[in-house]
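*Asks:* If you're matching positions, the sequence shown starts at 1 in full-length UniProt numbering and goes up one per residue.
Before I ask anything, here is the structure I am working with.
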Amino acid sequence: MARKVWFQLVDEATRDAYANTTVDSLRLPEGAEDIADLRVAAIQKCPNSLANVDAAYLRVYANREAYDEENGQPLDEDLAIGALGASKKGALIVEVPTQHLQQLQRPLLEIPQVDWTVASCSQLVVEDKAELIELPPSCVDGTGIGRSGGPLMLYRRPSL
């Protein structure tokens with residue numbers, strides 16, 4: 001029978017709630033027996049908050065008191081869950097490593113610095129009858145259009 005387990009995600013660096021999460025519960029799947037199974041279930045319960053975290057990186061403590069002890073040790077992965085996390089007050093503490101929090105806060109796209117200065121360009125006057133237009137190098141240099149230092153020839157289709 002599936003059992004309800006209470007847990008709290010905690011940030012390793014601040015030792016406070018991870019990403020503003022609150023105490024929550026999950027139902028352990030059939031066959032879940034140990035802390036390793038709980039870590040997998042926690043990632044499945046919080047897929048957005050723990051998107052870049054592997055279950056093996058999570059450290060689980062018996063409760064907040066055990067976590068706050070000066071030499072508090074995480075529970076062994078093969079320890080049977082038993083009655084751990086049976087109440088909200090006795091919620092298991094699941095510590096999320098800081099390095100994964102930093103990865104989530106990194107911008108998704110690095111935006112390069114752009115030089116928005118505009119090169120001077122002579123004014124171009126085109127007669128209405130002209131089919132071929134020659135753009136001087138001063139109008140196209142630095143734009144990535146045409147050959148560098150050379151003029152650009154454009155074909156102008158007459159109005160329909």
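Glycine included, every Cβ here is placed at the ideal spot set by N, Cα and C.
Relative to the C-alpha of T22, which residue among D76, C46, G82, D37 is closest?
*Replies:* C46
*Asks:* Exposed or buried, V10, counting other C-beta atoms within 10 Å across all chains shown (16 or more means buried)?
*Replies:* buried
*Asks:* Taking only the alpha-carbon atoms, compute the straight-line gap between D24 and E70 and give it to the nearest angstrom.
*Replies:* 25 Å
*Asks:* I'd like the span of the alpha helix (DSSP H) that includes L109, first residue to last.
*Replies:* No alpha helix (DSSP H) holds L109; DSSP gives it neither H nor E.
*Asks:* Should I43 and A55 be called a contact, given that it needs their Cβ atoms to be closer than 8 Å?
*Replies:* yes
*Asks:* So E12 packs on E65, CB below 8 Å; how close in whole Å?
*Replies:* Their Cβ separation, rounded to whole angstroms, is 18 Å, which puts E12 and E65 out of contact at 8 Å.
*Asks:* Alpha carbons only, please: which of D34, E77, Y18 is nearest the one belonging to N48?
*Replies:* Y18
*Asks:* Ordered along the chain, which non-local residues of its own chain (more than five positions away) have a Cβ less than 7 Å from that of Q29?
*Replies:* In the sequence as presented, Gln is not what sits at residue 29; that position holds Pro. Correct list, in chain order: A2, A41.
*Asks:* In this structure, how does DSSP classify L101 when only helix, strand and coil are distinguished?
*Replies:* Only weak support exists for where L101 lies, its pLDDT of 45 falling under 50; the coordinates are left without a value.
*Asks:* Excluding sequence positions up to five away, which residues of its chain have a Cβ less than 6 Å from the Cβ of R39?
*Replies:* A55, L58
*Asks:* Quick check: what's the CA-CA separation for E134 versus V53?
*Replies:* 58 Å
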